[in-house]
Structures are given as C-alpha cells and as structure tokens.
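**Student:**
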Amino acid sequence: RLHAQYAGDHWIFLKEVILKSGNEVFRMATDPTLVFTHAGPMTVSEWYDAPPSFEELRTLKEIIGSPDANVTFVGYKGQMDRKVTDAEREAFIHVLDLYYTMAKLDEATAGM
Numbered sequence: 018r019l020h021a022q023y024a025g026d027h028w029i030f031l032k033e034v035i036l037k038s039g040n041e042v043f044r045m046a047t048d049p050t051l052v053f054t055h056a057g058p059m060t061v062s063e064w065y066d067a068p069p070s071f072e073e074l075r076t077l078k079e080i081i082g083s084p085d086a087n088v089t090f091v092g093y094k095g096q097m098d099r100k101v102t103d104a105e106r107e108a109f110i111h112v113l114d115l116y117y118t119m120a121k122l123d124e125a126t127a128g129m
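The working numbering puts the first residue of the sequence shown at 18, with every later residue one more than the last.
Below, the structure is given as structure tokens:
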C-alpha cells in the first residue's frame, strides 16, 4: 500500500500528494474514499492509503532515492511542503525492494 500522511494544526482537506526531486515530479490525485482523517487534542491528521501501480512504484523509486526529495500535501484549504527525511527515504526504498521481490516471486510461481 502507498501511504502518505499529513499532520498539522489545521485541516487542509487533502486532494493531491506531490513528490519532487530535481526535474522529476510525481503527482498522485487522491480518491476521496481512500482519504482518512483523525483529530487529536493538539493536531489533525489526514492520510491517503491506496495500492500503487508498478509504474507508480518505478517513478517513486527514482524520486525518493534523491537526497533533495520533497513532498507537498495539497488540499482544498491549503498545502504543506516538507523535505523527505533520510529515515523515510531508507524505509521507502526498502519497502519498494520488497514489492519488486514479491512481484518476481508471483511471476515465477504463476507459471507452475
């Protein structure tokens, strides 16, 4: 699953997630049925959770592998930009590698 989460002190009503690195841009319009929210005592959270296509995974791997990757959460009531942290980058690359490994295993066992 592809999970992108915004947390802040106000609602933005998430409608798009954008990952950027250099000239590479990945735009992900959100399906409203896959956007979830939570209000805590001091913060609100909005997140998008959807199954990615393999083409999306390839594009994301190129962007996320860059040390200057940024994520922008775009909503109907504003947006929030931030840099992708080293820990997030490492975790994401690890998960992508697992996706590719599972896909290769599925292809190999499908012919049996």
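Beta carbons are placed, not taken as given, at the ideal position from N, Cα and C, and that holds for glycine.
All of these numbers come straight from a predicted model, not from anything done at the bench.
Relative to the alpha-carbon of residue 11, which residue among 36, 24, 78 and 99 has its alpha-carbon at the smallest distance?
**Tutor:** Examination of residue 11 is not possible in this model, given that the chain is present from 18 through 129 alone.
**Student:** According to DSSP, is residue 109 part of a helix, a strand, or is it coil?
**Tutor:** Indexing the sequence shown from 1 puts residue 109 at position 92. Looking at residue 109 - three-state DSSP - the assignment turns out to be helix.
**Student:** If distances are taken between C-alpha atoms only, which option among 111, 76 and 60 comes closest to residue 131?
**Tutor:** One cannot answer for residue 131 here, as it falls past the ends of the chain, which runs 18 to 129.
**Student:** Quick test of your reading: residue 110 and residue 82, contact by CB under 8 Å. State the CB separation rounded to the nearest angstrom.
**Tutor:** In the sequence shown, counting from the first residue as 1, residue 110 sits at position 93. In the sequence shown, counting from the first residue as 1, residue 82 sits at position 65. With a Cβ gap of about 6 Å, residue 110 and residue 82 count as contacting.
**Student:** Just the Cα atoms here: how many angstroms apart are residue 44 and residue 90?
**Tutor:** Within the sequence shown, numbered from 1, the residue matching residue 44 stands at position 27. Within the sequence shown, numbered from 1, the residue matching residue 90 stands at position 73. Each residue's Cα considered, the two are about 10 Å apart.
**Student:** Output yes or no for whether 8 Å exceeds the beta carbon distance between residue 130 and residue 88.
**Tutor:** Examination of residue 130 is not possible in this model, given that the chain is present from 18 through 129 alone.
**Student:** Determine which residues share a DSSP beta bridge with residue 98 and list them.
**Tutor:** By one-based count along the sequence shown, residue 98 stands at place 81. 89.
**Student:** Please classify residue 75: does DSSP put it in a helix, a strand, or coil?
**Tutor:** Reading the sequence shown from its first residue, position 58 is the one you call residue 75. Three-state DSSP puts residue 75 in a helix.
**Student:** Pull up the CB-CB distance for residue 34 and residue 47, whole angstroms please, since I reckon it's below 8 Å.
**Tutor:** Sequence index remark: in the sequence shown, residue 34 carries index 17 (1-based). Sequence index remark: in the sequence shown, residue 47 carries index 30 (1-based). With a Cβ gap of about 7 Å, residue 34 and residue 47 count as contacting.
**Student:** Confirm, please, whether the CB-CB distance from residue 63 to residue 31 is below 8 Å.
**Tutor:** Indexing the sequence shown from 1 puts residue 31 at position 14. Indexing the sequence shown from 1 puts residue 63 at position 46. Result yes, Cβ atoms of residue 31 and residue 63 sit closer than 8 Å.
**Student:** When the distance is taken between beta carbons, is residue 67 closer than 8 Å to residue 99?
**Tutor:** Within the sequence shown, residue 99 is the residue found at index 82, counting from 1. Within the sequence shown, residue 67 is the residue found at index 50, counting from 1. No; because the gap between Cβ atoms is not below 8 Å, this pair is not in contact.
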